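Protein chains in written order, with our numbering: chain P, 50 to 355; chain A, 50 to 355.
This report refers to the structure that appears directly beneath it.
Number of protein chains: 2
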Amino acid sequence: MSDHFADRLLAAIDEKDSPVCVGLDPVFERLPDELRDDDVVGVEQTGMINLFCMEVIRIVAPIVPAVKIQSAYFEAYGSVGVDLYFELVEFARDFGLIVIGDVKRSDIGSTAEAYADGHMLGISAPDAITVNGYFGADGLKPFVDTAADAGKGVFVLVRTSNPSAATIQDFADASGKKFYEHIAEQVAEIGSGEGLIGGSGYSCVGAVVGATYPDEARRLREIMPQQIFLVPGYGAQGASANDCAAAFKPDGTVRPGSPKSGAIVNASRSVIYAFNRDEYAGMDWKKAVEKAAQKFADDIRRAVIK
Amino acid sequence: MSDHFADRLLAAIDEKDSPVCVGLDPVFERLPDELRDDDVVGVEQTGMINLFCMEVIRIVAPIVPAVKIQSAYFEAYGSVGVDLYFELVEFARDFGLIVIGDVKRSDIGSTAEAYADGHMLGISAPDAITVNGYFGADGLKPFVDTAADAGKGVFVLVRTSNPSAATIQDFADASGKKFYEHIAEQVAEIGSGEGLIGGSGYSCVGAVVGATYPDEARRLREIMPQQIFLVPGYGAQGASANDCAAAFKPDGTVRPGSPKSGAIVNASRSVIYAFNRDEYAGMDWKKAVEKAAQKFADDIRRAVIK
């Protein structure tokens, strides 16, 4: 198997026939009753969070090719949480999952190198991380170079899924080009550099493109033909499977007969906290997570194939 | 003393008569020979980094009002480094210093809350952190709310100091307004919210404005009259003291007779690695750091007063 990140991710998507990713955003107060002891406070809560995340990983591993671990919820517990984050990266990989570390780091070049060291290298490092492109090419370079050298991936924030995204990212020039399109052009250019494109035709430099803005996603698909899109916003944030389908490449197939390619859709809260949703009321929490993960994967698969 | 961050920072600047901040960006390979054992690899290096940082803090504490600790260089060592980062925050505060945690975090609202918890609350949390504004108002809100509640500060990236900054941040609309000015307008608006302005007239929501672009800094000073500017770029990145002076408010004085106010200039590598510079050749490394810190403070003071 190629050790290029895009090739590995697309192969894993093909193997599971499922272009989706489950996000681990563990919040203590939302854990299942049977795992949560409300008398436990502070870093001691990480024990229960660990049990919860390990169980979710076991449940979703047969269904999805990848998990995305949100660093913020671990950093909330200081260094103990950071340890747990890296332990869970290894745990998920032992289940054959591709692991995306959602860290959204960025800085000037010399400092970005230190972030790349800490988050992309070493045995506990995830297969890919998310980064913020606000510093431009020299801020991205250390992450991209590390990705190329180590067979890792980088997803650059282009269009985020939150309500305020438009107030910042829709800032447009005289020709009507928007700021996120400007970022996308730079990502496409940086991502097409020597040695960055895998056998699949996709780059190890991908883009985060929120599903909550499908028209924007279609336009971005044209600007960034070689980028894999990591697509947040499905479920709890309100995007439908059809909205998500806009992020896939209409003409891009990994192998004849396979569905549209070039994107992986993430759902976090709607899957990992499924047991709190009315439609799964009364169901064992693990069963609810499994059902929600299957429904999520089926939903996206159907929207992408049609 | 007011527990508002801007008031505390300006009082500390007044007390030391020194609107500067020393940045701790510790890289093992650059430590003084007498502290560095090149046979030591991996996390064991953090012991020497700790000694170095503690010594730098002791040396600069009588000279400067604040230190900025760059999280990336600690995260490079995983959770052990993260522990050290928070230990150094406490250590610096014990010397009466204001501590800025340079973490540049950002995410959608629910996740930003977790970052705010981890980086702004608890006894080891710094007095202020840097954040990235790319998500817009809802992504900034948890940081701003936490700052208001806890007497902390937030510095939003507006104009960064690196060479590629212009390729991203100079993207302009039909009227010629640039993207970083658009971000600045939002920072000014968000930062003027209820309860955010201290007795000094400055907000607990500040801005990062690189000194390497003085013309831009002057324009940003107009857009953001109530923001304290955290100004990187002096020294190793090439900005002069006069370049830095552009970030100060010409008409803003904290008290009659005081110099221009509203900014704090950061220098990292040019001070903490002063012993590697020709002008301090042969000098004891601690003496070199002290001399460089004094020279830096004098240099900025002179440029700001004139």
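Each residue gets a CB set at the ideal place from its N, CA and C atoms; glycine is no exception.
Just so it is clear, the structure is predicted and the values come from calculations on it, not from any experiment.
>> So, for P:Val303: in the same chain, excluding its five sequence neighbours on each side, which residues have a beta-carbon less than 7 Å away from its beta-carbon?
In response: Stepping through the first sequence from its first residue, residue 303 of chain P is reached at position 254. Only weak support is given to the placement of P:Val303: the predicted model assigns it a pLDDT of 45, under 50, and the question is left unresolved by the model.
> List, in order along the chain, the chain A residues whose C-beta lies closer than 8 Å to that of P:Lys153?
Replying inline: Along the first sequence, one-based indexing puts residue 153 of chain P at 104. Under the 8 Å cutoff, chain A gives Arg154, Ser155, Asp156, Asn181.
> Between which two residues does the alpha helix (DSSP H) carrying A:Arg268 extend?
Replying inline: Numbered from its first residue, the second sequence carries residue 268 of chain A at position 219. It spans 263-272 - the alpha helix (DSSP H) in which A:Arg268 sits, taken as one unbroken run.
>> Would you say P:Pro175 lies against chain A (beta-carbon separation less than 9 Å)?
In response: Numbered from its first residue, the first sequence carries residue 175 of chain P at position 126. Answer no: the Cβ-Cβ gap between P:Pro175 and chain A never drops below 9 Å.
> Should A:Leu100 go down as buried or exposed, given a rule of 16 or more other Cβ atoms within 10 Å for buried?
Replying inline: Here residue 100 of chain A refers to the residue found at position 51 when the second sequence is read from its first residue. Per the 10 Å Cβ criterion, exposed.
> How big is the Cα-Cα spacing for P:Cys70 and P:Pro114?
Replying inline: For the purposes of this step, residue 70 of chain P is taken as residue 21 along the first sequence, with counting starting at 1. For the purposes of this step, residue 114 of chain P is taken as residue 65 along the first sequence, with counting starting at 1. If you take the alpha carbons of P:Cys70 and P:Pro114, they lie about 7 Å apart.
> Which of helix, strand or coil does DSSP assign to A:Leu206?
Replying inline: For this step, residue 206 of chain A is matched to residue 157 along the second sequence. Correct three-state label for A:Leu206: strand.
> How long is the line joining the alpha carbons of P:Leu279 and P:Ile313, rounded to whole angstroms?
Replying inline: Working through the first sequence from its first residue, we reach residue 279 of chain P at position 230. Working through the first sequence from its first residue, we reach residue 313 of chain P at position 264. Their Cα atoms are separated by approximately 5 Å.
>> Using only the alpha-carbon positions, how far apart do P:Pro305 and P:Ala197 sit?
In response: Within the first sequence, the letter at position 256 stands for residue 305 of chain P. Within the first sequence, the letter at position 148 stands for residue 197 of chain P. Note that P:Pro305 scores a pLDDT of 48, beneath 50, so its modelled location is shaky and nothing firm can be said.
> Closer than 9 Å, Cβ to any Cβ of chain A: which residues of the region 115-128 of chain P, in chain order?
Replying inline: Gln119, Ser120, Ala121, Tyr122, Phe123, Glu124, Ala125, Tyr126, Gly127, Ser128
> Taking Cβ positions, are A:Gly72 and A:Val129 nearer each other than 9 Å?
Replying inline: For the purposes of this step, residue 72 of chain A is taken as the residue at position 23 of the second sequence. For the purposes of this step, residue 129 of chain A is taken as the residue at position 80 of the second sequence. Not a contact, by the Cβ cut-off of 9 Å.
>> In this structure, how does DSSP classify P:Lys190 when only helix, strand and coil are distinguished?
In response: The residue you call residue 190 of chain P lines up with position 141 of the first sequence. Helix.
>> Could you tell me which whole beta strand (DSSP E) segments of length 3 or greater appear in the region 83-121 of chain P?
In response: 115-119
> Ordered along the chain, which non-local residues of its own chain (more than five positions away) have a Cβ less than 8 Å from that of P:Lys370?
Replying inline: This structure leaves residue 370 of chain P out entirely; chain P is present only between 50 and 355.
>> Can you check whether the C-beta of P:Asn76 is within less than 9 Å of a C-beta belonging to chain A?
In response: In the first sequence, the residue the question calls residue 76 of chain P occupies position 27. According to the sequence provided, residue 76 of chain P is Val. The question's Asn does not apply to it. Yes, P:Val76 lies at the interface with chain A (some Cβ there is under 9 Å from its Cβ).
> How would you label P:Arg270, buried or exposed, when you count the other beta carbons within 10 angstroms and need 16 or more for buried?
Replying inline: As a working mapping, residue 270 of chain P is identified with position 221 in the first sequence. Buried.
>> So for A:Gly240, helix, strand or coil by DSSP?
In response: Residue numbering aside, residue 240 of chain A sits at position 191 when the second sequence is read from its first letter. DSSP places A:Gly240 in helix when its eight states are reduced to three.
>> Can you find the residues in the same chain that come closer than 8 Å, C-beta to C-beta, to A:Glu230, ignoring five residues on each side of it along the sequence?
In response: Counting from 1 along the second sequence, the entry for residue 230 of chain A is found at position 181. Arg268, Leu269, Ile272.
> Do the region 78-89 of chain P and the region 122-136 of chain P meet, that is, are 3 or more Cβ pairs less than 8 Å apart?
Replying inline: no
> Candidates A:Gly244, A:Ile112, A:Lys227: which alpha carbon is nearest A:Asp347's?
Replying inline: The residue labelled residue 347 of chain A in the question sits at position 298 within the second sequence. Selected option, being the one with the closest Cα: A:Ile112.
>> Determine, for P:Thr195, whether the minimum Cβ-Cβ distance to residues of chain A falls below 9 Å.
In response: Within the first sequence, residue 195 of chain P is the residue found at index 146, counting from 1. Closer than 9 Å: no.
>> Any beta carbon from chain A within less than 9 Å of P:Asn211's own beta carbon?
In response: As a position in the first sequence, residue 211 of chain P is number 162, starting the count at 1. Yes, its Cβ sits closer than 9 Å to a Cβ of chain A.
>> Taking beta-carbon pairs under 7 Å, can you tell me which members of the region 101-112 of chain A lie near chain P?
In response: none
>> Please classify P:Val138 as buried or exposed, where buried requires at least 16 other C-beta atoms within 10 Å of its C-beta.
In response: For this step, residue 138 of chain P is matched to residue 89 along the first sequence. P:Val138 comes out buried.
>> Under 9 Å, Cβ to Cβ, is there at least one residue of chain P near A:Phe54?
In response: The count along the second sequence starts at 1 and reaches residue 54 of chain A at position 5. For A:Phe54, the answer is no, since every Cβ of chain P falls outside 9 Å of its Cβ.
> When the Cα atoms are used, what is the spatial distance from P:Gly301 to P:Lys201?
Replying inline: For the purposes of this step, residue 301 of chain P is taken as residue 252 along the first sequence, with counting starting at 1. For the purposes of this step, residue 201 of chain P is taken as residue 152 along the first sequence, with counting starting at 1. Residue confidence is low: P:Gly301 scores 48 on pLDDT, short of 50, so the model does not pin down where it sits. Its coordinate-derived value is still stated next. Taking the straight line joining both Cα atoms gives about 22 Å.
> A:Pro305 by DSSP, collapsed to three states: which one?
Replying inline: Within the second sequence, residue 305 of chain A is the residue found at index 256, counting from 1. Per-residue confidence for A:Pro305 stands at a pLDDT of 48, beneath the threshold of 50, marking its modelled position as unreliable; the derived number appears in the next sentence. It is coil, neither helix nor strand.
> For a contact meaning CB atoms closer than 8 Å, what does P:Tyr164 contact in chain A?
Replying inline: Within the first sequence, numbered from 1, the residue matching residue 164 of chain P stands at position 115. Here the neighbours are Ala121, Glu124, Ala125.
> Taking the C-alpha atoms as reference points, what is the distance between A:Glu234 and A:Gly244?
Replying inline: For the purposes of this step, residue 234 of chain A is identified with residue 185 of the second sequence, where counting begins at 1. For the purposes of this step, residue 244 of chain A is identified with residue 195 of the second sequence, where counting begins at 1. The straight-line gap from Cα to Cα measures roughly 19 Å.
>> Only counting the same chain, and skipping five residues up and downstream in sequence, which positions put a Cβ closer than 7 Å to that of P:Tyr134?
In response: For the purposes of this step, residue 134 of chain P is identified with residue 85 of the first sequence, where counting begins at 1. Here the set comprises Ile118, Ser120, Phe123.
> If we count the other Cβ atoms within 10 Å of its Cβ and call it buried at 16 or more, is A:Arg154 buried or exposed?
Replying inline: For the purposes of this step, residue 154 of chain A is identified with residue 105 of the second sequence, where counting begins at 1. The residue in question, A:Arg154, is buried, as its Cβ has 16 or more Cβ neighbours within 10 Å.
> Mind checking if P:Pro305 is an interface residue toward chain A, Cβ cutoff 9 Å exclusive?
Replying inline: Locating residue 305 of chain P in the first sequence gives position 256, counting from the first residue. Model confidence at P:Pro305 stands at a pLDDT of 48, short of 50, so the residue's coordinates are unreliable; what they give is reported in the following sentence. No, because no Cβ of chain A sits closer than 9 Å to the Cβ of P:Pro305.
> In terms of DSSP beta bridges, what is P:Val320 paired with?
Replying inline: Along the first sequence, one-based indexing puts residue 320 of chain P at 271. Answer is none; P:Val320 lacks a bridge partner.
>> Is there a C-beta anywhere in chain P that falls below 9 Å from the one on A:Ile217?
In response: The residue given as residue 217 of chain A occupies position 168 in the second sequence. Interface residue, yes.
> Which residues of chain A have a Cβ atom closer than 9 Å to the Cβ of P:Asp222, listed in chain order?
Replying inline: If you number the first sequence from 1, residue 222 of chain P lands on position 173. Correct list: Phe220, Ala221, Asp222, Ala223.
> CA-CA distance, P:Thr160 and P:Glu104?
Replying inline: Looking up residue 160 of chain P in the first sequence gives position 111. Looking up residue 104 of chain P in the first sequence gives position 55. Going from the Cα of P:Thr160 to the Cα of P:Glu104 covers about 36 Å.
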